[in-house]
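Residue numbers (our numbering): 8 to 174.
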């Protein structure tokens, strides 16, 4: 594996890049496994020095939970909202509750929340076309097929545009 030409360092074990050329200090770059604390630190740094931020890349992760009559979770959605684009990351329903229209309820709720929060576009990457009929019925369009994407599989990008003039 080769280091990025910009880093010009030697790879060391643990994913660290060795001594930086042009620095009298022993600097290293390494991946952080649990990045919550670092993410907060970096966000604060960029907020305090906005000229260092190239674009606003803040991502709001959101969840919608579907609960039954006694409050137990039976399904849910995880999505992100960034720059007016709502990305559906995950949708799931417990096996005992499948086939009862819950995925439709969750997708409809996702669309409503995303649009109400200012999204002009919703997107969803999937490695299966099983959801295409449901997505199509809700106004989603297949925009892209990418072979050899994540884990070497074929992935599909579905999108749904929201009417910017709707209330």
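Glycine is no exception: its CB is placed at the ideal position from the N, C-alpha and C atoms. These figures come from a predicted structure and were not determined experimentally.
Limits of the unbroken beta strand (DSSP E) element including residue i
i           : result
residue 89  : 80-89
residue 162 : 162-168
residue 72  : 67-74
residue 150 : 148-153
residue 4   : This structure cannot speak to residue 4, because the chain is shown only from 8 to 174.
Element boundaries [alpha helix (DSSP H), containing residue i]
i           : result
residue 126 : No alpha helix (DSSP H) contains residue 126, which DSSP labels as neither H nor E.
residue 139 : 139-144
residue 47  : 43-55
Residue environment, residue i, which counts as buried when at least 16 other CB atoms sit within 10 Å
i           : result
residue 48  : exposed
residue 109 : buried
residue 158 : exposed
residue 98  : buried
residue 73  : buried
Cβ separation of residue i and residue j, assumed to be a contact under 8 Å, to the nearest whole Å
i           : j           : result
residue 144 : residue 91  : With 8 Å as the limit, residue 144 and residue 91 do not qualify as a contact, their Cβ atoms being about 24 Å apart.
residue 77  : residue 101 : Residue 77 to residue 101, Cβ: 14 Å. No contact.
residue 163 : residue 136 : 6 Å
residue 165 : residue 141 : No, residue 165 and residue 141 are not in contact; Cβ-Cβ is about 10 Å, not under 8 Å.
residue 154 : residue 161 : 5 Å
residue 39  : residue 45  : 5 Å
Residue of the options minimising C-alpha distance to residue i
i           : options            : result
residue 113 : 135, 86, 170       : 86
residue 103 : 116, 121, 124, 75  : 75
residue 106 : 95, 138, 116, 79   : 138
residue 117 : 161, 51, 94, 149   : 94
residue 122 : 38, 89, 44         : 89
residue 131 : 96, 124, 119       : 96
residue 119 : 134, 44, 156, 168  : 168
residue 69  : 51, 134, 84        : 84
residue 67  : 115, 124, 111      : 124
residue 111 : 147, 134, 79       : 147
residue 71  : 152, 156, 115, 134 : 115
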